[in-house]
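Order-wise, the sequence lines are chains A and B.
Quick note on the numbering used here: the first sequence kicks off at 17 and runs consecutively.
Quick note on the numbering used here: the second sequence kicks off at 2 and runs consecutively.
Where a beta carbon is used, it is the ideal one built from N, C-alpha and C, also for glycine.
If you're wondering where the values come from, they're calculated on a predicted model, not measured in any experiment.
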Amino acid sequence: MEGKIIVVTSGKGGVGKTTATASIGAALALEGNRVAVIDMDIGLRNLDVVLGLENRIVFNIVDVVNKRCNLSQALIRDRRIENLFLVPASQSDNKDVLTPLGVQRVAKQLKSEFDYAIMDSPAGIEKGFENSVVAADEAIVVCTPDVSSIRDADRVIGLLYARSITPRLVVNRIMPEMVARGDMLSHEDVMDVLSIDLLGLVPMDNQVVISTNSGVPLVMQNQSLAGQAFRRIAKRINGESDLPIQIPTAMNTGIWSRIIQKLGLTK
Amino acid sequence: MFNDFIKRFSGKTSSKDTAKKRLQFALVYDKLEINEMTLENLQKDIVEVISRYFEIDTKSLQLEVQREKELSALVFNTPILCVKKNRALKS
Numbered sequence: 017m018e019g020k021i022i023v024v025t026s027g028k029g030g031v032g033k034t035t036a037t038a039s040i041g042a043a044l045a046l047e048g049n050r051v052a053v054i055d056m057d058i059g060l061r062n063l064d065v066v067l068g069l070e071n072r073i074v075f076n077i078v079d080v081v082n083k084r085c086n087l088s089q090a091l092i093r094d095r096r097i098e099n100l101f102l103v104p105a106s107q108s109d110n111k112d113v114l115t116p117l118g119v120q121r122v123a124k125q126l127k128s129e130f131d132y133a134i135m136d137s138p139a140g141i142e143k144g145f146e147n148s149v150v151a152a153d154e155a156i157v158v159c160t161p162d163v164s165s166i167r168d169a170d171r172v173i174g175l176l177y178a179r180s181i182t183p184r185l186v187v188n189r190i191m192p193e194m195v196a197r198g199d200m201l202s203h204e205d206v207m208d209v210l211s212i213d214l215l216g217l218v219p220m221d222n223q224v225v226i227s228t229n230s231g232v233p234l235v236m237q238n239q240s241l242a243g244q245a246f247r248r249i250a251k252r253i254n255g256e257s258d259l260p261i262q263i264p265t266a267m268n269t270g271i272w273s274r275i276i277q278k279l280g281l282t283k
Numbered sequence: 002m003f004n005d006f007i008k009r010f011s012g013k014t015s016s017k018d019t020a021k022k023r024l025q026f027a028l029v030y031d032k033l034e035i036n037e038m039t040l041e042n043l044q045k046d047i048v049e050v051i052s053r054y055f056e057i058d059t060k061s062l063q064l065e066v067q068r069e070k071e072l073s074a075l076v077f078n079t080p081i082l083c084v085k086k087n088r089a090l091k092s
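Shown next as structure tokens:
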């Protein structure tokens with residue numbers, strides 16, 4: 017059976033695209049799928065360090081697309097998670113070296129060899145974005161609960177619809193305490209504003225910084241709340257579509273918040 | 002949490018409600034923005050269609066988007082020099 021190309025995109029930078037790509041990719045591999053994660057951020061590669069594979073790079077995606085090597089030569093196998101592979105970006109080229117046609121050719125090959133190929137798109141909506149979405153079967157839009165990221169997500173969602181791709185949304189870095197206080201948009205608010213289906217909700221988690229520091233995939237840390245959220249997202253992608261979406265909740269249930277909840281004063 | 006109560010009863014809106022309102026407004030406004038190229042192409046097309054029926058003064062025509070509080074309108078203004086007679090006869 018042919019695999020799927022999934023693009024992870026956001027418009028705005030710094031909302032957690034790379035972390036999401038690495039985590040969802042690793043989680044899908046842990047579910048028993050053959051997975052390739054592809055860094056499409058040419059010139060600003062980072063997926064390799066997030067996954068802790070930076071010192072094993074020989075070839076990159078630009079080499080593959082421009083036929084300087086085979087796909088198999090550029091694939092870096094993760095030694096901790098079976099069936100997880102990385103195709104790194106090139107650090108010395110700029111985003112214009114790839115062509116949609118070339119990307120489509122490589123995507124075809126990826127689909128024949130993997131169950132999932134996840135493309136980590138660069139920020140922005142220019143050529144790098146075009147190249148990342150050109151072969152996509154599905155799209156995941158990542159946003160955080162702040163106005164700038166949601167506005168950019170809306171723009172990207174429009175661009176994806178224009179290509180007949182129906183994206184799904186991951187709201188990242190939710191801080192339940194702030195949401196409860198009314199100082200942060202809740203996921204319901206975000207869904208009211210954007211016309212898109214929800215794929216998952218990821219809480220703010222210090223463990224993300226720690227696991228990125230050491231290059232260990234987040235989903236391997238069992239105590240990580242964000243890691244657990246990404247594992248559920250992966251399950252939902254992988255056919256368990258009726259798995260309920262967990263809403264991040266505040267850790268401290270103080271007397272006041274409990275009374276407010278009882279009185280039904282919070283939404 | 003106590004602050005929350007004060008906020009609730011003092012009638013002050015929470016910052017997230019402000020954020021939501023601003024966002025909804027921004028998204029609507031963003032979608033109404035038309036780039037120069039689209040406007041030029043549109044003008045070319047309109048002129049082409051109208052020119053089949055009328056002789057128009059292409060130098061003094063105007064195409065613009067007028068924005069008001071509640072709605073946006075596309076306004077096309079052109080002086081007609083004469084109706085093309087042969088066209089009317091044909092039909």
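Simplified DSSP state of residue 18 (chain B), which is helix, strand or coil
In the three-state reduction of the DSSP assignment, residue 18 (chain B) falls in the helix class.
Rounded straight-line distance, which links the Cα of residue 173 (chain A) to that of residue 158 (chain A)
Residue 173 (chain A) has its alpha-carbon roughly 10 Å from the corresponding atom of residue 158 (chain A).
Would you kindly work out how many angstroms separate the C-alpha atoms of residue 258 (chain A) and residue 167 (chain A), rounded to a whole number?
Here the C-alpha atom of residue 258 (chain A) lies approximately 28 Å from the C-alpha atom of residue 167 (chain A).
May I ask you to list, following chain order, the residues of the segment 107 to 130 of chain A that have a beta carbon less than 9 Å from some beta carbon of chain B?
So the list is empty, because no residue satisfies the distance condition.
For residue 147 (chain A), the first and last residue of its enclosing alpha helix (DSSP H)
Taken as a continuous stretch (DSSP letters only), the alpha helix (DSSP H) holding residue 147 (chain A) covers 143 to 149.
Outcome for residue 45 (chain B) when other beta-carbon atoms lying within 10 angstroms are tallied against a minimum of 16:
So residue 45 (chain B) ends up on the exposed side.
In terms of DSSP beta bridges, what is residue 57 (chain B) paired with?
Bridge partners of residue 57 (chain B): B:81.
Counting only Cβ pairs nearer than 9 Å, list the residues of chain A close to residue 15 (chain B).
Correct list: 197, 198, 199.
Among A:260, A:119, A:40, which one has its Cα closest to the Cα of residue 144 (chain A)?
For residue 144 (chain A), the closest alpha carbon among the candidates A:260, A:119, A:40 is that of A:119.
Quickly, what does DSSP pair residue 65 (chain B) with across the bridge? List them, please.
The beta-bridge partner set that DSSP reports for residue 65 (chain B) consists of B:76.
Any chance the segment 70 to 85 of chain A sits against the segment 238 to 245 of chain A, with 3 or more Cβ pairs inside 8 Å?
Touching, no.
So, using beta-carbon positions, are residue 171 (chain A) and residue 141 (chain A) closer together than 8 Å?
Note that the C-beta distance between residue 171 (chain A) and residue 141 (chain A) is below 8 Å.
Ignoring anything shorter than 4 residues or poking outside the segment 27 to 71 of chain A, list the alpha helix (DSSP H) runs there in chain order.
Correct list: 33 to 46, 63 to 66.
So what's residue 20 (chain A) in DSSP terms, helix, strand or just coil?
In the structure shown, residue 20 (chain A) falls within a strand segment according to DSSP collapsed to helix, strand and coil.
Could you check where the beta strand (DSSP E) with residue 133 (chain A) kicks off and where it finishes?
Residues 132 to 136.
Along chain B, in chain order, which residues have C-beta atoms closer than 9 Å to that of residue 167 (chain A)?
By Cβ distance, chain B contributes 24, 27, 28, 31.
Given that residue 209 (chain A) touches chain C, what residues does it touch there, using C-beta distances under 8 Å?
The structure shown contains no chain C; its protein chains are A and B.
I believe residue 134 (chain A) touches residue 24 (chain A) by the beta-carbon criterion, under 8 Å. Please report the beta-carbon distance rounded to the nearest angstrom.
That belief holds up - the Cβ atoms of residue 134 (chain A) and residue 24 (chain A) are roughly 6 Å apart, short of 8 Å.
Hey, residue 81 (chain A) and residue 60 (chain A) are a contact pair by Cβ (cut 8 Å); roughly how many whole angstroms apart?
Rounded, the Cβ-Cβ distance is 17 Å, inconsistent with contact.
What residues of chain B sit near residue 163 (chain A), judged by a beta carbon separation below 7 Å?
Contact annotation for residue 163 (chain A) against chain B: 20, 23, 24 [CB-CB distance below 7 Å, chain order].
Between the segment 191 to 207 of chain A and the segment 150 to 164 of chain A, can you find at least three pairs of beta-carbon atoms closer than 8 Å?
At 8 Å Cβ cutoff, the stretches touch.
I'd like to know if residue 205 (chain A) contacts chain B, where contact means its C-beta is closer than 8 Å to some C-beta of that chain.
Residue-level contact by beta carbon holds for residue 205 (chain A) and chain B, with a gap shorter than 8 Å.
Mark residue 147 (chain A) as exposed unless 16 or more other C-beta atoms lie within 10 angstroms of its C-beta, in which case mark it buried.
Residue 147 (chain A) is buried by the Cβ-count criterion.
Use the C-beta contact count for residue 69 (chain A): other C-beta atoms within 10 angstroms, 16 or more gives buried, fewer gives exposed.
Burial call: buried.
Could you check which residue in A:184, A:225, A:64 has the C-alpha nearest to that of residue 22 (chain A)?
Of the listed residues, the one whose Cα sits closest to residue 22 (chain A) is A:184.
Could you give the residue range of the beta strand (DSSP E) that holds residue 213 (chain A)?
Here the beta strand (DSSP E) through residue 213 (chain A) covers 213 to 219.
Consider the C-beta atom of residue 257 (chain A) and the heavy atoms of the ligand HEM; say whether any pair is separated by less than 7 Å.
Among the components modelled here there is no ligand, and therefore nothing to report on the ligand HEM.
In this structure, does DSSP put residue 228 (chain A) in helix, strand or coil?
Helix at residue 228 (chain A).
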